[in-house]
Structures are given as C-alpha cells and as structure tokens.
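Colleague: Numbering (my numbering), first residue to last: 15 to 558.
For every residue, glycine included, the Cβ atom is placed at its ideal position computed from N, Cα and C.
Note that the structure is predicted; figures quoted are calculated from it, not measured.
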Amino acid sequence: MKNLKINLIDNISLAIKSLSFPQIDYNLTQPKNPQFGDLSTNAPLLIASQLKQNPIEIGELIVKKLQDRGIDNISNINITAPGFINFKISDTFFQKQIKIIIESSHSFGKGSLGIGKTANVEFVSANPTGPLTVGHGRNAVIGDVISKILAWQGFKVTKEYYFNDAGRQMRILKESVKARYYELIKKNYDFPKDGYQGDYIYDIAKNILQLKGDKLNPENKFFKKYAEDTIFKNIKESLMNLGIQFDQFTNEKTFYENGDIDNLLKKLSNKNLIYKKDNATWFKSSALGKEHDKVYIKSSGEPTYRVPDTAYHINKIKRKYDLIIDIFGSDHADAYPDVLIALEALDLKTDHIKILLYQFVTLIRNGKKVKMSTRQANFITLDELIEELGPDVVRYFFIMRSINSHLDFDIDIAADQSDKNPVFYLQYAYARICNIIKRADELRLINNNTFNYKIISHQEEIQMLKHMVRFPEFIEISYKNLEPQYITIYLQQLASFFHKFYSKCKVITDNKELTTSRINLIKSVKIILQNGFNILGIKAPEKM
C-alpha cells in the first residue's frame, strides 16, 4: 500500500507540474465514505485557492492527465464536489495482498527506515527511593513500545535506565530508614522533614535490624546501600512484571568518578559560559537566547541536575547513536532545554536528540478520581495495578491515548471482561480466529494460500481487507511521530471489522473456493493482530 501511495503521489505531482499549476502540499488520504473510493486528494482545492479558479475545472484537468498516463493498480479516477479527486484501487492489487501477508507472516509490517542505524531510548529513570508509581508505569510502557517500533524499522536499539543514587532524595531516603530503624530499637532519631513514609521503609528497617542487629552507628553507610539495593531490586522486578528489561543501567555518579563533570565545567569555563555569584556557579544561558541564567552549582557546593544530565548526554553523543530519545514526564518541560542549550554551546549536534514529554495518569474507580500522595505513600503502586488487572491490560491502557494527552485510567473498564474493555475486545478477536482455523484444520480445509477477491461480496469483509493492507502504513506513522497510540487505533479498527465480519459472514461454507478465501482472509487478520500484539508487548491468546 505504501508503494502504491508513493507512486500515486508521484503521478499527481507530475500532472500538476505538466499543467504549470503551483506546487502545493496536498493530502492523499482515505475518504471517510467508501463510496468515494479508496484514496482521495484535496489538490484541486488548494490550487484553486491560490489561482482563484474553479476547483472542479482544475480537478478535471488533473484527472485527464492521470487517465492519459495510466497508473498501476488504480482502476478508476473521478472528481467530486467541492474539488476532491478520488481513486479506486484495482481488484488485482487486493487479490495479491493476502498471499503477501501470509508469506510475510511475522515480518509483515516491518519497515526499513532504521536498517544500519542505532538508537538509544532512555526511559523510566526513577531514582531508587520507593516503589514505581503508575506514572512511572506509563513512562515504562511508552519507552518499551517505542523501542519495539524502532526495532521494527530495523534500528539496533539500546534501552537505557539512568539513575542517581546521590543527592537530596537519596539522603532523605537514608534518613527515613535510619529513623525507622532507631524507632524499632526504641532510640530517639528525628524523622526527616519530607521523609519517605510507607510500609516499605519499615520493611527495609526491619531487614537491616535482622541482618545487622541493634548496634549500627548512624554514620554507617549500610543504611543507604541496603535501602538503595532493596528498592532497585524491587524496581527491576516491577518492570519484569510488565515484560520490560533494560540493556544498560547508567549511574549518575559515574560522571563524577571518571572526570566527565570536571571536564564539562572546564570546557564551559573556557568558553566563558559559567561564572560565580553569591557563592554559586551560574550558567550564562541568557547569552544563548534564554531569559535568565541558571544555577549550575549551588552555594552549598551541590550541583543541580543540569550538570550531570549534560555530562550524561555528552556521553551518549560520544557513543555515536543515530537517534537518541529521552522520555520524561511533562513536569520536565522547563528542564530539558537547559541541557540541550549547553550541548549546543559546546558545538555538539543535538538534532538527533528527541525529547518526548508524556502527560500524567489519573486512576478512576467507581467513577471517581483515586486520590494519591507519593510522599505520604498513599498511592496505588504499579505492582498493585498489575496484580489487579494483569500486565496486558496495564500496558495497553498506558499507550492507547496520545502521550501528549492526560490519561484517565478507568480501573473498572480495565477489569471488565466484555467488549467495553479494548484489550478483551482485541484478544477475543484473535481467539475467535484461532478457533475457526482450528476447526478448519480438523476438517482438512486448509491446503493453500489462494484467495479470490471477486468471490467475497459482503461489505464487512471488503472493508476488513482494505484496512488490513494499511498495517505497515500505521506502523510507519507511529515511528515517524514516535506515538504508539496509532497502532492501538489501527488494531481496534481491525478488530471491529473482524467482529462485524464474524457476525455477518460464515467462514466454513459449502462453497470450497469461498471457504478457502475466507480462511486465508482471517489467517491474514490473525497475522496482523499477532504482529501488533508483539509490538505492544501483549499476549495473543488462542483461547479465552
């Protein structure tokens, strides 16, 4: 379908040029009403707007040029008011597609835009201070699915987790665990302001008491190390519960230990881009087009996030990835530009760095918002959500809306075992197909991949086939926009077409040719659903 559209666009552009019309940025899309054909362009409307002429007359001239030229796989071209040119794809094109899908099988939909290229996707990157939240969960699934989309285009992908086991948050964690430890042994120790609450802090303190007894000195480094190791182990297990594994974990302290931070500050100083004021070190972002200068190192001597994050990105750039993707919550909207501007000031290329900001998640139960506070440990953890709903549902719900949209996660719908639940709806379509194919196999009806487009006559099966061939197109759209929800939208539409087909069309019939054609039609749907499920990281159940 992609090659057909490219060829059609080339022919439309040639026709426009040969008529000496202005070159315009026109659309070639699928019309909402199938009676207007399979593809439609608004080119005459845009040209007419510039030339102040009648769009129908302009369209007729373009159509004449196209008809005279003849276009492969297009059987009819016409123009309709107010000025759209409509194209009907030939039967022979669709005739070939089922065989292509079945023979391509698990590779159907794969692209080649990333072949020979490398990509780094950094996501989650939660510091080890507590259990993963549902917000972390959305970040995790977005990153994992985008990584799979890149791999489907041929990229060699490195999934990376960046974390900081130093800094204020980790000090508060250490002091919180200490306070609970000394509380257990009946000794006074002030609980820190803004300390971490929750049973997990008590559990860590109890384990330390069991391992080390009641004689630990407050200065003992074991408090911090054990708390960090325990929480990080739990974070990795939570991600495994979602089917997510990372290729690389990078610790912020690495860049202090290997001298990268010192080298960064030296380079910025040599370019006269940092200065001292009020005992702090400032970055001259105002000299680079920003409204205000930014603090790099506080008067206390503690670096702000800008310093190690810039060093980290220099490290990633040195690794020579063709594409670098960072996935952050929308609360980072004001933070990441400071890193990019520093990289550019150091004459480093940044146009291959893509920053994705996702909106946050609100859990809904019984029609009401679930109130949560992370600091007070009054929240539903990612593990609890997975345990209640299962990983497939959790993964799907996190990506079924645009990452730029706030996500209302309705737990009741997610738990429902009916068509109201989009995951159930999809997986049920797959299971139904498996059941039909199993029955056909038992009757020895599956013997070849032949398909006769002319013998299928129901609107439901024709619409389903025409949607099936667009799967690679939706995969490519998801890649180009780095938006997984285009795949969920496609799969929901495909499942809808299949369920309608199932209710109207009998697959196993007395007509052998029709039966063979419909078996191969639904085999192709099965392949596409399974490929889509693989990209989304959800199971393809043969029984439900």
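Out of 293, 334, 360, 205, which one is the CA nearest neighbour of residue 277?
Modeller: Here residue 277 corresponds to residue number 263 of the sequence shown, with the count starting at 1. Comparing Cα-Cα distances from residue 277 to each of 293, 334, 360, 205, the minimum goes to 360.
Colleague: Can you check which of these residues, 255, 219, 378, is closest to residue 244 by C-alpha distance?
Modeller: For the purposes of this step, residue 244 is taken as the residue at position 230 of the sequence shown. Minimum Cα distance to residue 244 is reached at 219.
Colleague: From which residue to which residue does the alpha helix (DSSP H) around residue 259 run?
Modeller: What you label residue 259 is simply residue 245 of the sequence shown in a count that begins at 1. Taken as a continuous stretch (DSSP letters only), residue 259 belongs to no alpha helix (DSSP H), as it is neither H nor E.
Colleague: According to DSSP, is residue 405 helix, strand or coil?
Modeller: The sequence position of residue 405 within the sequence shown is 391, counting from 1. It is helical.
Colleague: Need the endpoints of the alpha helix (DSSP H) that residue 456 sits in, please.
Modeller: Walking along the sequence shown from the start, residue 456 turns up at place 442. Residue 456 -> alpha helix (DSSP H) spans 436 to 456.
Colleague: Pull up the CB-CB distance for residue 335 and residue 193, whole angstroms please, since I reckon it's below 8 Å.
Modeller: Reading the sequence shown from its first residue, position 321 is the one you call residue 335. Reading the sequence shown from its first residue, position 179 is the one you call residue 193. Contact flag wrong, Cβ pair sits at about 43 Å.
Colleague: Which residue marks the beginning of the alpha helix (DSSP H) containing residue 524, and which one marks its end?
Modeller: The sequence position of residue 524 within the sequence shown is 510, counting from 1. No alpha helix (DSSP H) holds residue 524; DSSP gives it neither H nor E.
Colleague: Alpha carbon to alpha carbon, how far is residue 83 from residue 368?
Modeller: For the purposes of this step, residue 83 is taken as residue 69 along the sequence shown, with counting starting at 1. For the purposes of this step, residue 368 is taken as residue 354 along the sequence shown, with counting starting at 1. Cα to Cα, the separation comes out at about 42 Å.
Colleague: Give the range of the beta strand (DSSP E) segment to which residue 171 is assigned.
Modeller: The residue labelled residue 171 in the question sits at position 157 within the sequence shown. From DSSP, the beta strand (DSSP E) with residue 171 extends over 170 to 177.
Colleague: Going by C-alpha to C-alpha distance, which of 453, 447, 407, 412 sits closest to residue 432?
Modeller: Taking the first residue of the sequence shown as 1, we reach residue 432 at position 418. With distances taken between Cα atoms, residue 432 lies closest to 407.
Colleague: Taking DSSP's pairing of strands, which residues face residue 290 in a bridge?
Modeller: For this step, residue 290 is matched to residue 276 along the sequence shown. DSSP output for residue 290 lists 295 as bridge partner(s).
Colleague: In three-state terms, what does DSSP make of residue 349?
Modeller: Taking the first residue of the sequence shown as 1, we reach residue 349 at position 335. Looking at residue 349 - three-state DSSP - the assignment turns out to be coil, as it is neither helix nor strand.
Colleague: With distances taken Cα to Cα, identify the nearest neighbour of residue 425 among 188, 376, 442.
Modeller: Your numbering for residue 425 matches position 411 in the sequence shown. Checked all of 188, 376, 442; the closest Cα to residue 425 is 376.
Colleague: Can you tell me whether DSSP reads residue 321 as helix, strand or coil?
Modeller: Here residue 321 refers to the residue found at position 307 of the sequence shown. The answer is helix: DSSP assigns residue 321 an H, G or I state.
Colleague: For the putative contact between residue 155 and residue 412, defined by C-beta atoms under 8 Å, what is the C-beta separation to the nearest angstrom?
Modeller: By one-based count along the sequence shown, residue 155 stands at place 141. By one-based count along the sequence shown, residue 412 stands at place 398. So it is a contact: roughly 4 Å between Cβ atoms.
Colleague: Just to confirm, are residue 79 and residue 29 a CB contact at a threshold of 7 Å?
Modeller: Taking the sequence shown and counting its residues from 1, one reaches residue 79 at position 65. Taking the sequence shown and counting its residues from 1, one reaches residue 29 at position 15. Contact flag set, yes.
Colleague: Compute the Euclidean distance between the alpha carbons of residue 160 and residue 70, then round it to the nearest angstrom.
Modeller: Indexing the sequence shown from 1 puts residue 160 at position 146. Indexing the sequence shown from 1 puts residue 70 at position 56. Going by the C-alpha atoms only, they are around 43 Å apart.
Colleague: What are the boundary residues of the alpha helix (DSSP H) that residue 429 is part of?
Modeller: What you label residue 429 is simply residue 415 of the sequence shown in a count that begins at 1. 425 to 429 is the span of the alpha helix (DSSP H), which, as asked, contains residue 429.
Colleague: Quick one, which of 374, 50, 247, 366 has its alpha-carbon nearest residue 147's?
Modeller: Position 133 of the sequence shown holds residue 147. The shortest Cα separation from residue 147 among 374, 50, 247, 366 belongs to 374.
Colleague: Just verifying my parser: in three-state terms, what is the DSSP assignment at residue 129?
Modeller: Counting from 1 along the sequence shown, the entry for residue 129 is found at position 115. Correct three-state label for residue 129: coil.
Colleague: From which residue to which residue does the beta strand (DSSP E) around residue 343 run?
Modeller: Taking the first residue of the sequence shown as 1, we reach residue 343 at position 329. Residue 343 -> beta strand (DSSP E) spans 337 to 343.
Colleague: Nearest to residue 454 by CA position, among 536, 176, 142, is which residue?
Modeller: Translated into the one-based positions of the sequence shown, residue 454 becomes position 440. It is 536 whose Cα lies nearest to the Cα of residue 454.
Colleague: Which two residues bound the contiguous beta strand (DSSP E) that contains residue 94?
Modeller: Here residue 94 refers to the residue found at position 80 of the sequence shown. Taken as a continuous stretch (DSSP letters only), the beta strand (DSSP E) holding residue 94 covers 88 to 94.
Colleague: Span of the alpha helix (DSSP H) holding residue 236?
Modeller: Locating residue 236 in the sequence shown gives position 222, counting from the first residue. Run containing residue 236: 236 to 255, per the alpha helix (DSSP H) assignment.
Colleague: For my contact list, residue 503 and residue 163 are in at a C-beta cut-off of 8 Å; report their separation, rounded to the angstrom.
Modeller: Here residue 503 refers to the residue found at position 489 when the sequence shown is read from its first residue. Here residue 163 refers to the residue found at position 149 when the sequence shown is read from its first residue. So it is not a contact: roughly 14 Å between Cβ atoms.
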